[in-house]
Structures are given as C-alpha cells and as structure tokens.
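**Student:** If you read the sequences in order, they're chains A and B. Residue 202 in the working numbering sits at position 202 of the first sequence, and the numbers go up by one each step. Throughout, the working numbering is defined as the position within the second sequence, counted from one, plus 1000. The structure's right below; bear with me while I get my questions together.
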Amino acid sequence: MAAIQVNHVEKSYKDLKALKGVSLSIEEGEFFGLLGPNGAGKTTLISIIAGLNRADAGNVTVHGHDTVTDYRQARKLLGVVPQELVFDPFFTVRETLRMQSGYYGLKNNDAWIDEVMHHLDLTGKADANMRALSGGMKRRVLVAQALVHKPPVIVLDEPTAGVDVELRQTLWKFISQLNRDGHTVVLTTHYLEEAQALCNRVAMLKAGQVVALDATAALIRRISGSQLVVQLASGKLPESLMPLVSHPEELMAGRKYTLRINDHSEVEPVLAALRQSGAVVEDMQLQQADLEDVFIQIMEGEK
Amino acid sequence: MTGFQTLFYKEMLRFWKVATQTVAAPILTAVLYLLIFGHVLEDHVQVYPGVKYTAFLVPGLVMMSVLQNAFANSSSSLIQSKITGNLVFVLLTPLSHWELFSAYVLAAVARGLIVGSGVFLVTAWFADMSFVAPWWIVIFAVLGAAMLGTMGVIAGIWAEKFDQLAAFQNFLIMPATFLSGVFYSVHSLPAFWQNVSHLNPFFYMIDGFRYGFFGQSDVDPLISCAVVACFLTLLVAFGVALLRSGYKLRH
C-alpha cells in the first residue's frame, strides 16, 4: 500500500489554479522529493495531504486512509513540519512537546521526547520559553513537534530554508536515520543538492502540474548527459555552440560557459568549433550533470 | 491524556498564566460597576420588593462577567492562534471536530465561572444576598457561559483580524448584554421595549440567573432555561458544522 496516494487533486484560489489534477504515489520507506519553483503548488499539495486545506476535486490517502473522510487515522500516521516558523509563546520547549504528544493521545512520552530533543540538539533548551529561542532553534522545535508521535510518514516543507549548515547536517542525519528505520519521508526544498543527496525519487511540479516523476538517478541520466565547462582566455563562443549553453546568463557574462553534451565523444567537436572560431580555451572541466541542471531544463520546458 | 484533555488543559493554562489580565481585571471592573451604580442608585431604585438595588445588581454583574469572559476566552484564543499561525499544531492532529469544539468551549465555561465566582465573592460583601434556588444559579451560569463560549468559537473562526473580533464583541455581545437587564428589570421599560427585550436570549440568562438568588424574575425560569437551551443547541450545531466544513480554518 502506498504511504501517500494523491489522486487527481485540483485546487483553485479565486482565479488562480494552484493544482491542476495532480496524481502521484509515494511508497512506504521512500525518501521522496517534491520540487518546483515558488508558486508551483508544493505547499498547497502538502497542505492538502496534511488536511490543512481541502482539495476542490480528487482525494489523498495516507496508508489507505482518506485525509477528509478518515482524517483521524490519516493524521495519526502523518508528521508535518510546516514551512512557516510558528510557535506558541506561552510555553517552554518541553511543554510544547508534551502538549503536542497529548494531542495524539500519548501520555508518558518523555523518553521519546528526550531522544528527539537529543538528536536535534535541543536538550539544553528544554526549559527555555519558545519566545527566547533563535530562529534556528524554533525550527528544530517544529521538527521535534512533527515527530513526537513517531509518525510512519514524515512531511517536511522546506525545513532548511534560512537555516545554518550545522542544523542542516543535524537534521538530515536524524531524518535519514528515521528513513533507514522505515519511516517514509517527503521533502520539499529549494536546495536541489539536498534533494539529490537524500531523495531516492523526485517529483517536479510546475504551475500546478507534475512535469517529471522518476527515480532521482534516472532523472539525471535521462534528461541530461554531461556538461563541459569551458573558460575562454580570448575570443567568443561561436554561434553554433550557443544552443548547448545550459545557463543562459552565461551568454551575457561571457568567458565561462557550461555546455550540455550527450557523451564524451562530443567533446572534440566542441573544441574544434572553438578553435575554428579563434577562441582560446584557458580552462576546461568535464562534469556529470546534476539535479539542478535537470530542474532548470525541465522548468524551461526543454526536451 | 486524550487529545481533548490536552487541548482543554492547554486552554486553561493559556488564561491562567495571565490571570491578572484574564481573571483579576474583570473582577475589578465588576466591583467598580457595583460601587458606582450602587452608590448612585441604592436609595432611588427598588426593582423587586424587599430587594435592595445593590443586591439586585450583584447577580447581573456576576452573569455579565461570566458571559463576557467566556466569550473572550474562546474567541481570543482562536484569533491569536490563527494570526500567529500556531493553530496549525492543533489542526494537524487527529482531534475530532467535537473534541476541538468542546475543549475550547469548556475552557471558556471554566474561565467564565472562575471570573463569575470571583466577582460574586467580592461584590457579595456589599450586599445582603439570598440563595432561594441555588440550582438555577448553577444551571444558568453554566448554560450562559457555554453559549458565549460557543459564540466565541464561532467569532474566532470567522474573524480574520482583531478588529473584526472587536466589532463582534462591541456591536453584538456588549449591547446584547447591557440591554438584557443587568442593571434594570425589563418590567420598568415601556411595553415596546419589553417585547424587544424578550427577543434577546441574553435577557433569559440573566433573568433566570437572578431568579436563583431572589426567587423573583420577569419570566418563569423554566421558560428561560428552555429558551437558553434552544439557543445553545442551535449555536453548538452551527459551531460544529463550521469546524466540520473547515470554514476559514482549513482553506
């Protein structure tokens, strides 16, 4: 059974169609990435999965439980880290986590609360009031709140936005551990290198539609081959090579160009074209394409 | 603890942590009303035979405090949580609509009764009070607090900004309370305004509540109780339906 099954979900806000019939299935134990530019509909989709928003059409199930008709069971199985940095100023960190456990009907949850706080480096702040915490610390508490009931499905909506390196590492270490222990993880992020390193499968949303859905490795293989980065000491990129440039802004800056090639046999023709145009290559690197290149290509609507 | 108990406990803690503002302040306000109106009107007004004006005023002030504080508790908790965004912590949980609703309303009832008891304990010093039918006192206090707690939930769901909530409070709750006979008996009004008063559900709460003290009222307490119970049932049904539909909270 799918951990999360999204069936033909549509959602509009007045004239804006935020989701135009999104369908996808996230299997148990996956580390799934939901990517897309701002306004693509990621947060709307997550809100619908979490029951914070209602779809106009279609439905979502969590481990087979409908998020509207069987919401209690669905919500027990979900732990959601919201994107907004919200907190209750009346309580300390420990009170907040005890309260959150209580909402799920859990009493005597202190052993797990202590473990979660330990993994998120929150132990030293257990008795601090939420108001007194820095933004990064508040973010950790948000993550801890989503985990108090050991949910089999964890949803993180941009958990590392504006967060320092230390917290990112702490967070991913802990979340990866939970994933290895069998928890399904769904992640939205703008840091594509994070998604590439963590997610076994990725869906890309653009203007409310799924435009790509595949294993991360397959997506990188399928869409783009390699990249040849050339830096010119003099001369210009010949026009015949311009369609290969993967970052359009490089054409304006000049000198350094990232060229898409399908395989290594295409390196020599590129160099020949450069020589012919009189350009002098100062430096050159051959790189494997990454998720960011795939993302840019898909979002630009190419290939 | 169940989810309901936790939310109820949290709602209690929320007002108790700032009791100076949520409990002591309304008690002081009620005492000031009693001292000023009692001083001015004690020798000039007698509403019921054998009942001094200050004694007449005490139940009205107690009930007014119960109602206003019950409303303030659920409405301000909801609007604050909505505006700061932390309502999400409750909305993400498996709490049922009924659990959510009753936790907010019961905490509102508790605050209403705590403030009401405080007002009574302080103001009763200034008047000779009798307790002819104590059960009616309890029944009307609880029903009234539940009704206003429910109205607070509805207003809290509906309002998107503090000024909308303030408008609800200033243009609906306040006039309905003040015009319900807190400071006077509706029998002293011209016939037209007596009839208008009978359309105000707040009138029945205060009238029935006062009956518990003096055994005298404008309307039979059984009728008042039925009217209040009907209004409460309608409001509860409406409030739970709002939660079930996700109106504003889940859109």
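Ideal placement from N, C-alpha and C gives every residue a C-beta, glycine not left out. These numbers come from a predicted model, not from an experiment.
1) Could you check what DSSP says for Gly1212/B in three-state terms: helix, strand or coil?
2) Can the beta-carbon of Leu78/A be found closer than 7 Å to that of Val6/A?
3) Entirely within the stretch 1048-1119 of chain B and at least 4 residues each: give me those alpha helix (DSSP H) ranges in chain order.
4) Mind listing which residues of the stretch 1065-1092 of chain B have their C-beta closer than 7 Å to chain A's C-betas, in chain order?
5) Tell me, please, whether the CB atom of Thr1022/B is closer than 7 Å to any CB atom in chain A?
6) To the nearest whole angstrom, what separates the beta carbons of Gly1181/B and Ile1206/B, a pair I think is in contact under 8 Å?
7) Using a Cβ-Cβ cut-off of 8 Å (strictly less than) and excluding sequence neighbours within five positions of Glu302/A, which residues of its own chain qualify?
8) Helix, strand or coil for Ala1229/B? Go by DSSP, reduced to three states.
9) At the level of alpha carbons, what is the spacing between Thr216/A and Arg1014/B?
10) Return the bridge partner residues of Arg201/A from the DSSP annotation.
11) For Gln288/A, write down the residues that DSSP places opposite it in a beta bridge.
12) Counting only the same chain and skipping the five closest in sequence on each side, list residues whose C-beta sits under 7 Å from that of Pro1221/B.
13) If you scan the stretch 48-118 of chain A from start to end, which runs of the beta strand (DSSP E) of 3 or more residues do you find wholly inside it?
14) Name the chain A residues whose beta carbon is nearer than 8 Å to that of Arg1014/B?
15) Identify whether Val155/A lies in helix, strand or coil by the three-state DSSP scheme.
16) Out of Glu250/A, Val185/A, Leu241/A and Ser265/A, which one is the CA nearest neighbour of Val62/A?
17) For Thr1054/B, decide whether its Cβ has a neighbour in chain A, counting only Cβ atoms nearer than 7 Å.
18) Cα separation between Leu1235/B and Lys138/A?
19) Do Gly102/A and Thr1006/B count as a contact pair if the criterion is CB distance below 7 Å?
20) To the nearest angstrom, how far is the alpha carbon of Gln1021/B from that of Gln1080/B?
21) Just curious, the alpha helix (DSSP H) that Lys125/A is in, first and last residue?
22) Please state whether the Cβ-Cβ distance between Tyr1033/B and Leu1041/B is less than 7 Å.
23) My guess is that Gln227/A and Ser246/A are in contact by the Cβ rule of under 8 Å, so how many angstroms apart are they, rounded?
24) Check each candidate in Val1088/B, Gln1194/B and Tyr1184/B and name the one with the smallest Cα separation from Val1058/B.
25) Could you list the residues in the stretch 1228-1245 of chain B with a C-beta less than 7 Å from some C-beta on chain A, going in chain order?
26) Mind listing the chain B neighbours of Ala50/A? Cutoff is C-beta to C-beta under 7 Å, in chain order.
27) Beta-carbon within less than 6 Å of Asp121/A's beta-carbon, same chain only, minus the 5 sequence neighbours each way: which residues are those?
28) Under a CB-based cut-off of 7 Å, is Arg1250/B close to chain A?
29) Could one say the Cβ of Thr1029/B lies closer than 7 Å to chain A's Cβ atoms, at least one of them?
30) Whole angstroms is fine: what's the gap from Gly58/A's alpha carbon to Arg72/A's?
31) Using the DSSP secondary-structure output, state which residues sit across from Glu10/A in a beta bridge.
32) Restricting to Cα atoms, I'd like to know which of Val1228/B, Glu1160/B and Ile1083/B is closest to Ala1141/B.
33) Assuming Leu156/A contacts Leu187/A (C-beta within less than 8 Å), just tell me the rounded distance between them.
34) Among all the DSSP beta bridges, which residues are the ones paired with Glu27/A?
35) For Ala279/A, which three-state DSSP category applies?
**Tutor:** So, from the data block:
1) To locate residue 1212/B, count along the second sequence from 1; it is residue 212. It is helical.
2) Within the first sequence, numbered from 1, the residue matching residue 78/A stands at position 78. Within the first sequence, numbered from 1, the residue matching residue 6/A stands at position 6. Result no, Cβ atoms of Leu78/A and Val6/A do not sit closer than 7 Å.
3) 1053-1084 and 1088-1091
4) Thr1084, Gly1085, Asn1086, Val1088, Phe1089, Val1090, Leu1091 and Leu1092
5) Position 22 of the second sequence, counted from the start, is the residue given in the question as residue 1022/B. Cβ-Cβ to chain A under 7 Å: no for Thr1022/B.
6) On the second sequence, position 181 is the one that residue 1181/B refers to. On the second sequence, position 206 is the one that residue 1206/B refers to. About 5 Å; that satisfies the 8 Å criterion.
7) In the first sequence, the residue the question calls residue 302/A occupies position 302. The predicted model places Glu302/A with a pLDDT of 45, which falls under 50 and marks its position as unreliable; any figure quoted below should be read in that light. Result list for Glu302/A: empty, nothing under 8 Å.
8) Locating residue 1229/B in the second sequence gives position 229, counting from the first residue. Reduced to three states, the DSSP call for Ala1229/B is helix.
9) Reading the first sequence from its first residue, position 216 is the one you call residue 216/A. Reading the second sequence from its first residue, position 14 is the one you call residue 1014/B. Taking the straight line from one Cα to the other gives about 46 Å.
10) Taking the first residue of the first sequence as 1, we reach residue 201/A at position 201. Phe32/A and Ala215/A, per the DSSP bridge assignment.
11) In the first sequence, counting from the first residue as 1, residue 288/A sits at position 288. DSSP lists Ser226/A as partners of Gln288/A.
12) Mapped onto the second sequence, residue 1221/B falls at position 221. Excluding positions up to five away in sequence, the list reads Trp1136, Gly1208 and Tyr1211.
13) Runs found: 57-62 and 78-81.
14) Numbered from its first residue, the second sequence carries residue 1014/B at position 14. Going along chain A in sequence order, the residues near Arg1014/B (Cβ under 8 Å) are Phe90.
15) Residue 155/A sits at position 155 when you count from the first residue of the first sequence. Three-state result, Val155/A: strand.
16) The residue labelled residue 62/A in the question sits at position 62 within the first sequence. Ranking the options by Cα distance to Val62/A, first place goes to Val185/A.
17) Position 54 of the second sequence, counted from the start, is the residue given in the question as residue 1054/B. Not an interface residue.
18) Here the question's residue 1235/B lines up with position 235 in the second sequence. Here the question's residue 138/A lines up with position 138 in the first sequence. A direct Cα-to-Cα measurement between Leu1235/B and Lys138/A gives close to 38 Å.
19) For the purposes of this step, residue 1006/B is taken as the residue at position 6 of the second sequence. For the purposes of this step, residue 102/A is taken as the residue at position 102 of the first sequence. Contact: yes.
20) Sequence index remark: in the second sequence, residue 1021/B carries index 21 (1-based). Sequence index remark: in the second sequence, residue 1080/B carries index 80 (1-based). When rounded, the distance between both Cα atoms is 16 Å.
21) Against the first sequence, residue 125/A aligns to sequence position 125. From DSSP, Lys125/A is part of no alpha helix (DSSP H); its letter is neither H nor E.
22) Counting from one through the second sequence, the residue named residue 1033/B turns up at place 33. Counting from one through the second sequence, the residue named residue 1041/B turns up at place 41. Not in contact: Tyr1033/B and Leu1041/B (Cβ atoms no closer than 7 Å).
23) Counting from one through the first sequence, the residue named residue 227/A turns up at place 227. Counting from one through the first sequence, the residue named residue 246/A turns up at place 246. At roughly 7 Å, the Cβ-Cβ gap stays under 8 Å, so Gln227/A and Ser246/A are in contact.
24) For the purposes of this step, residue 1058/B is identified with residue 58 of the second sequence, where counting begins at 1. Measuring from the Cα of Val1058/B, the nearest candidate turns out to be Tyr1184/B.
25) none
26) On the first sequence, residue 50/A is found 50 positions in, with the first residue counted as 1. Those are Leu1092, listed as they occur along chain B.
27) Within the first sequence, numbered from 1, the residue matching residue 121/A stands at position 121. Within the same chain, and ignoring the five residues on either side of Asp121/A in sequence, the residues whose Cβ sits closer than 6 Å to its Cβ are Thr170.
28) Position 250 of the second sequence, counted from the first residue, corresponds to residue 1250/B. Cβ-Cβ to chain A under 7 Å: yes for Arg1250/B.
29) Position 29 of the second sequence, counted from the start, is the residue given in the question as residue 1029/B. Judged by the 7 Å Cβ criterion, Thr1029/B is not in contact with chain A.
30) Here residue 58/A is taken as the residue at index 58 of the first sequence, counted from 1. Here residue 72/A is taken as the residue at index 72 of the first sequence, counted from 1. If you take the alpha carbons of Gly58/A and Arg72/A, they lie about 19 Å apart.
31) Along the first sequence, one-based indexing puts residue 10/A at 10. DSSP output for Glu10/A lists Lys20/A and Ala57/A as bridge partner(s).
32) Numbered from 1 along the second sequence, position 141 holds the residue referred to as residue 1141/B. Ranking Val1228/B, Glu1160/B and Ile1083/B by Cα distance to Ala1141/B puts Val1228/B first.
33) Working through the first sequence from its first residue, we reach residue 156/A at position 156. Working through the first sequence from its first residue, we reach residue 187/A at position 187. Indeed they touch by this definition, with Cβ atoms about 5 Å apart.
34) Taking the first sequence and counting its residues from 1, one reaches residue 27/A at position 27. Beta-bridge analysis with DSSP links Glu27/A to Ala2/A.
35) Looking up residue 279/A in the first sequence gives position 279. Per DSSP, reduced to three states, the secondary structure at Ala279/A is coil, with no helix or strand assignment.
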